[in-house]
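Trainee: Input: one structure, supplied below.
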């Protein structure tokens with residue numbers, strides 16, 4: 118289990134990366150202030166702090182047509198794309214030896230831009246897989262086709278992967294989880310509100326039949342096949358767990374032998390399926406949601422072979438549509454880009470190709486990215502910041518009035534064991550066996566997906582590689598891994614557009630970096646899920662029962678607080694599903710504050726642009742969530758994402774922090790006010 122966090126842009130970067138962009142436009146003789154210049158001073162901070170902090174920038178920067186949201190993260194991502202574009206263009210022009218990283222990067226980029234060849238090939242890159250589906254004549258044929266499709270990244274009803282055993286983190290195990298849906302999650306098949314109903318009706322009546330026609334079927338076949346595919350998905354959705362129910366690691370852990378698995382699903386011979394999945398001999402598997410696989414077992418006999426062939430054909434064409442001819446790519450974007458996300462137009466092709474390449478062979482790009490843009494000395498700066506937050510956390514744990522000494526001692530052991538990965542890997546992935554050429558864009562994607570699949574399944578039975586990164590250096594994100602008890606902070610986190618390191622004061626830096634990223638990720642080790650894992654990353658009870666109850670009571674107050682927020686029409690935030698992220702946000706803020714209080718800037722108390730150091734700390738944190746989102750994408754986020762909307766990740770936790778009330782003179786009756794007895798205090 119890896120918790121991913123759309124991390125904020127780090128504000129005290131020691132990296133010499135300057136992104137002069139639309140982020141801020143300043144007169145040559147006026148120094149940039151990364152918080153003051155974005156404010157909307159017509160907004161009362163006690164009413165809506167997010168708009169007060171970021172409203173000026175938001176007014177000047179509407180969402181571009183090709184995007185579903187727009188904010189500081191997008192500006193950083195644009196700068197990263199521009200750098201990756203240069204890397205690709207240099208590779209394209211180089212006379213690199215075959216098999217070299219440069220050759221692979223250049224050939225992939227060429228194939229993605231060669232629209233004449235892509236159009237000429239049509240859906241031919243999928244002909245082998247389509248033939249396999251067409252040849253299926255019984256349940257075993259369907260299972261065989263589904264397993265083969267899985268090996269090249271086509272998501273279907275078999276949701277398999279190799280990952281750490283949650284109860285024995287030193288062991289890599291085969292794991293099966295719910296899968297197989299085409300809509301974003303199970304709620305889209307059953308919710309009856311007007312917005313969700315429109316999405317579902319478009320999917321069922323327009324998108325599915327259109328895509329099946331593109332796959333080579335006539336109109337009648339496509340219409341019938343669309344009905345079949347939707348019926349199967351809805352059947353599987355009915356036995357799929359809701360977002361909040363996927364967050365309990367105990368409830369989603371069921372270890373069983375293959376014999377027991379075969380008894381659970383008598384219509385499936387898993388020994389044969391695992392062989393087709395190219396796995397080594399398997400005797401034990403961890404099943405996340407057994408009821409889902411019971412439903413798959415029933416569905417294999419409930420629906421006809423023709424129904425299943427339509428379902429698998431749909432899964433294949435939808436999985437590869439972005440890499441095929443214009444008809445497939447445009448219909449894929451119409452539904453996923455416009456209907457689901459509200460985007461008005463596609464990104465330029467070069468950006469789409471780069472994003473695909475980044476997802477398939479990101480570390481190959483990452484080696485070149487950090488060599489040119491990220492000095493090795495930056496690692497030291499951010500490792501030191503991790504230690505500053507770790508020390509603040511030690512002090513918080515020592516002062517907790519609700520936790521027993523026994524649990525405190527074990528919490529400190531876990532905290533001290535957290536391993537930070539900063540900037541880029543010490544050991545890079547080996548891409549030597551990955552083949553790339555200029556013949557077929559979709560062909561390259563198929564090979565790259567199979568390569569990645571093979572890398573994953575080859576971990577089965579091997580020791581855990583703690584040097585491996587799950588993110589690339591150029592990823593604008595950060596993560597905490599409960600099973601490894603580690604945080605990952607990629608190099609891209611350290612890009613700040615338009616501002617030099619020397620221009621960022623500690624107040625902004627501690628809000629921007631220490632609180633919203635480092636403190637957030639470390640707190641994930643102690644949120645409602647992370648706290649269930651011990652210092653070695655094992656799912657194991659280490660809290661006293663009384664302390665566990667006290668934590669749960671405090672966490673419930675935060676879940677209820679966020680569930681009360683209405684963000685769009687009748688859509689509320691799902692406080693249970695977003696609880697882990699909300700705990701991490703609140704924890705990161707209070708840890709960042711205490712770490713900041715040790716700095717000279719805080720002690721001196723000198724204002725900058727009329728803002729006190731503590732006011733600038735809160736503005737620095739809010740800067741990381743600067744952005745706005747289209748209604749369609751916001752609705753999708755509420756239903757599918759464990760992160761609350763950005764503006765509530767500012768206003769929500771700030772209302773629980775005493776220093777915020779002091780810094781901005783928040784009084785009872787103000788919209789940001791919560792009565793002291795109802796404010797949440799966990800860490």
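Residue numbers (my numbering): 118 to 800. Even for Gly, the Cβ is constructed at its ideal location relative to N, Cα and C. Computed from a predicted structure; not experimentally measured.
(1) Less than 8 Å separating the beta-carbons of residue 578 and residue 372?
(2) Over what stretch of residues does the beta strand (DSSP E) that includes residue 188 continue unbroken?
(3) Per the DSSP calculation, residue 372 is bridged to which residue(s)?
(4) Check whether chain B comes within 8 Å of residue 700, counting only Cβ atoms and requiring the distance to be less than that.
(5) Tell whether a beta-carbon distance below 8 Å holds between residue 425 and residue 259.
(6) Please classify residue 142 as buried or exposed, where buried requires at least 16 neighbouring CB atoms within 10 angstroms.
(7) Where do the ends of the beta strand (DSSP E) carrying residue 606 lie?
(8) In the structure shown, what three-state DSSP assignment does residue 537 receive?
(9) CB-CB under 6 Å to residue 660, same chain, minus the five flanking residues each way: which ones, in chain order?
(10) Once the 5 residues before and after residue 521 are set aside, which same chain residues still bring their CB inside 6 Å of it?
(11) Indicate the three-state DSSP secondary structure (helix, strand or coil) for residue 666 in the structure shown.
(12) Quick check for students: name the residue ranges of the alpha helix (DSSP H) that lie wholly in the segment 485-560, counting only runs of 4 or more.
(13) Just curious, the beta strand (DSSP E) that residue 707 is in, first and last residue?
(14) Considering only residues of the same chain and omitting the five flanking positions on each side of residue 123, which have a CB-CB separation below 7 Å?
(15) Note down, in chain order, each residue of its chain lying with its Cβ closer than 7 Å to the Cβ of residue 230, except the 5 sequence neighbours on either side.
(16) Counting Cβ pairs closer than 8 Å, one from the segment 557-568 and one from the segment 523-539, do we hit at least three?
(17) Quick check on the burial criterion: 16 or more other C-beta atoms within 10 angstroms. Buried or exposed for residue 303?
(18) Confirm, please, whether the CB-CB distance from residue 636 to residue 697 is below 8 Å.
(19) At which residues does the alpha helix (DSSP H) containing residue 740 begin and terminate?
(20) Tell me the rounded alpha-carbon separation between residue 714 and residue 671.
(21) Counting Cβ pairs, one atom from each stretch, are 3 or more of them under 8 Å apart for the segment 305-322 and the segment 372-388?
(22) Please report the distance separating the alpha-carbon of residue 412 from that of residue 347.
(23) Per DSSP, which one or two residues make a beta bridge with residue 580?
(24) Nearest-angstrom Cα distance between residue 504 and residue 656?
(25) Span of the alpha helix (DSSP H) holding residue 340?
(26) Just how far apart, CA to CA, sit residue 271 and residue 770?
(27) To which residues of the same chain is residue 430 closer than 6 Å at the C-beta, ignoring the five residues directly before and after it?
(28) Could you tell me the distance, in whole angstroms, from the CA atom of residue 399 to the CA atom of residue 214?
(29) Give the straight-line distance between the Cα atoms of residue 133 and residue 532, rounded to the nearest whole angstrom.
(30) Quick check on residue 683: does DSSP put it in helix, strand or coil?
(31) Out of 651, 402, 772 and 297, which has the shortest C-alpha to C-alpha gap to residue 678?
(32) Pop quiz: residue 560 and residue 242 are said to be a contact at Cβ under 8 Å. What is the actual Cβ separation, rounded to whole angstroms?
(33) Answer with buried or exposed for residue 549, where buried requires no fewer than 16 other C-beta atoms within 10 angstroms of its C-beta.
(34) Quick one: measure Cβ to Cβ for residue 306 and residue 343, integer angstroms, because I've assumed they're closer than 8 Å.
(35) Give the list of continuous beta strand (DSSP E) stretches no shorter than 3 residues that lie fully inside the segment 139-227.
(36) Which ranges would you report for the alpha helix (DSSP H) in the segment 226-306 if only whole runs of at least 4 residues count?
Mentor: A quick look at the data gives this:
(1) no
(2) Unbroken beta strand (DSSP E) run through residue 188: 186-188.
(3) 403
(4) No chain B appears in this structure, which consists of one protein chain only.
(5) yes
(6) Legend: pLDDT at residue 142 = 41, less than 50; position of this residue unreliable, no value from coordinates given.
(7) Per DSSP, the continuous beta strand (DSSP E) segment holding residue 606 begins and ends at 603-607.
(8) strand
(9) 524
(10) Once the five neighbours on either side are set aside, the close Cβ partners of residue 521 are 661 and 664.
(11) helix
(12) 495-516 and 522-534
(13) That residue, residue 707, is in no beta strand (DSSP E); its alpha helix (DSSP H) goes 696-713.
(14) Residue placement at residue 123 cannot be trusted, given a pLDDT of 38 that sits under 50; what the coordinates show is reported in the next sentence. A distance below 7 Å between beta-carbons, with the five flanking residues on each side excluded, links residue 123 to the following residues of its chain, in chain order: 190, 594 and 760.
(15) Cβ neighbours of residue 230 beyond the five flanking positions: 466, 467 and 470.
(16) Flag = no, the segment 557-568 and the segment 523-539 do not touch.
(17) Result: buried.
(18) no
(19) 730-740
(20) 26 Å
(21) no
(22) 15 Å
(23) 288
(24) 25 Å
(25) 336-355
(26) 39 Å
(27) Closer than 6 Å at the Cβ level, and outside the excluded window around residue 430, lie 250 and 332.
(28) Cα to Cα, residue 399 sits roughly 40 Å from residue 214.
(29) At residue 133 the pLDDT is 31, less than 50, meaning the model places this residue with poor confidence and gives no usable figure here.
(30) Residue 683: strand per DSSP, three-state reduction.
(31) 772
(32) The Cβ separation is near 5 Å, so the contact holds.
(33) exposed
(34) Not a contact, Cβ separation roughly 14 Å.
(35) If we require 3 residues or more, the beta strand (DSSP E) runs fully inside the segment 139-227 come out as 186-188.
(36) 232-238, 244-252 and 256-268
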